[in-house]
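Protein chains: 2
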Amino acid sequence: MPRFYYEDFQEGSVERFGSRVVTREEIISFAAEFDPQPMHLDEAAARRSPLGGLAASGWHSCAIMMRLIADGFILESSCMGSPGIEELKWLQPVRPGDRLAVRRTVLEKRTSKSRPELGFVRFRFDLVNQNGETVMEQTNSIMFGRRASGA
Amino acid sequence: MPRFYYEDFQEGSVERFGSRVVTREEIISFAAEFDPQPMHLDEAAARRSPLGGLAASGWHSCAIMMRLIADGFILESSCMGSPGIEELKWLQPVRPGDRLAVRRTVLEKRTSKSRPELGFVRFRFDLVNQNGETVMEQTNSIMFGRRASGA
Chain X
121 MPRFYYEDFQ
131 EGSVERFGSR
141 VVTREEIISF
151 AAEFDPQPMH
161 LDEAAARRSP
171 LGGLAASGWH
181 SCAIMMRLIA
191 DGFILESSCM
201 GSPGIEELKW
211 LQPVRPGDRL
221 AVRRTVLEKR
231 TSKSRPELGF
241 VRFRFDLVNQ
251 NGETVMEQTN
261 SIMFGRRASG
271 A
Chain R
121 MPRFYYEDFQ
131 EGSVERFGSR
141 VVTREEIISF
151 AAEFDPQPMH
161 LDEAAARRSP
171 LGGLAASGWH
181 SCAIMMRLIA
191 DGFILESSCM
201 GSPGIEELKW
211 LQPVRPGDRL
221 AVRRTVLEKR
231 TSKSRPELGF
241 VRFRFDLVNQ
251 NGETVMEQTN
261 SIMFGRRASG
271 A
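Sequences listed follow chains X and R, in order.
Per the working numbering, residue 121 is the first one in the first sequence, and the count goes up by one each step.
Per the working numbering, residue 121 is the first one in the second sequence, and the count goes up by one each step.
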């Protein structure tokens, strides 16, 4: 049985999840597979790029944040997926050795009229590094099954 | 020297890039690392999920689209990164065996006042499967160096 249902998310609540160090090896490995731009692959080329040094692909940051969120609460929840992302900003480079965490804010929630067994929770997720800088922010809704699943 | 600069993107132009088959093994491998929800990891659990069968993590679809875009034109361009994503919708599940391509539409473009050496090109990217279904759509701007780089 899930621990967190739609009813368990409180509007305005703020929680922090996770702690994950990003290594040079995984930055390069992800980039080689999905985003082989020199600034994500090679230190010398990255120094000449707008990022000024090796930095993770923005999509790698997204994938890392997903894992932090999954381990933080999604895997223990009645999550039924997400329709997409409303907005996502890459604010700061993610560097080798950075330690990342997620700050989750529950913005609002609403039940579904057409599917009474679920509700939408709209979140703001900030990916934060060891210096307290927000490196990425994302707003999106996730669907969760309801505790009193209107069957 | 890059082949594509800011000047080479024509508002309203539509192009198609790539062809990549997504395997069951890579769906599970990506999910195990970044999004270990049962619907992305295990066929039996996935059948009982809202997706009705094994499907790729939405972030895996994003990463695959990035690779198609990179190979399609970004790696031959004066790309200087992206500030983020305006909107992203996951419309259909991506299944094992699906063959994916990207349809790129240039929505609009503008030069940067504060940084005359670059410009912003705003794109719509549709990720399309072998049946012509759009499985994901994304709107975002990418920064490109200008050909007559105001140096």
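Backbone N, C-alpha and C define an ideal beta-carbon position, used for all residues, glycine too.
DSSP three-state assignment for residue i, whether helix, strand or coil
i	result
F193 (chain X)	coil
M263 (chain X)	strand
L188 (chain X)	helix
E127 (chain X)	helix
K233 (chain R)	coil
G217 (chain R)	coil
Q258 (chain X)	strand
E253 (chain X)	coil
G132 (chain R)	coil
Nonlocal neighbours in the same chain, by C-beta distance under 8 Å from residue i, ignoring five residues either side
i	result
V222 (chain X)	R136, F137, G138, M185, L188, I189, G192, F245, D246, L247, V248
G173 (chain X)	E163, A166, R167, P213, R215
A175 (chain R)	I147, M159, H160, A166, P213, V214, R215
I194 (chain X)	I262
T143 (chain R)	P216, G217
Buried or exposed by the 16-neighbour rule on C-beta atoms within 10 Å, applied to residue i
i	result
L238 (chain X)	buried
P156 (chain X)	buried
N251 (chain X)	exposed
M256 (chain X)	buried
L220 (chain X)	buried
A183 (chain X)	buried
L171 (chain X)	buried
S181 (chain X)	buried
Neighbourhood of residue i by C-beta, 7 Å cutoff - its chain only, sequence neighbours within 5 removed
i	result
V226 (chain R)	F129, Q130, E131, G132, S133, V241, F243
S232 (chain X)	L238, G239, F240
E228 (chain R)	E131, R242
S177 (chain R)	F150, A151, F154, D155, H160
E196 (chain R)	P122, R123, F124
V179 (chain R)	In the sequence as presented, Val is not what sits at residue 179 (chain R); that position holds Trp. F154, D155.
Close Cβ partners of residue i (< 6 Å) along its chain, the five nearest in sequence each way excluded
i	result
L208 (chain X)	Q258
S198 (chain R)	P122, Y125, F264, G265
S169 (chain X)	M159
R230 (chain R)	F240
Quick one: which unbroken alpha helix (DSSP H) runs of 4-plus residues sit fully inside the segment 136 to 214 of chain R? Chain order, please.
144 to 154, 158 to 161, 163 to 167, 178 to 192
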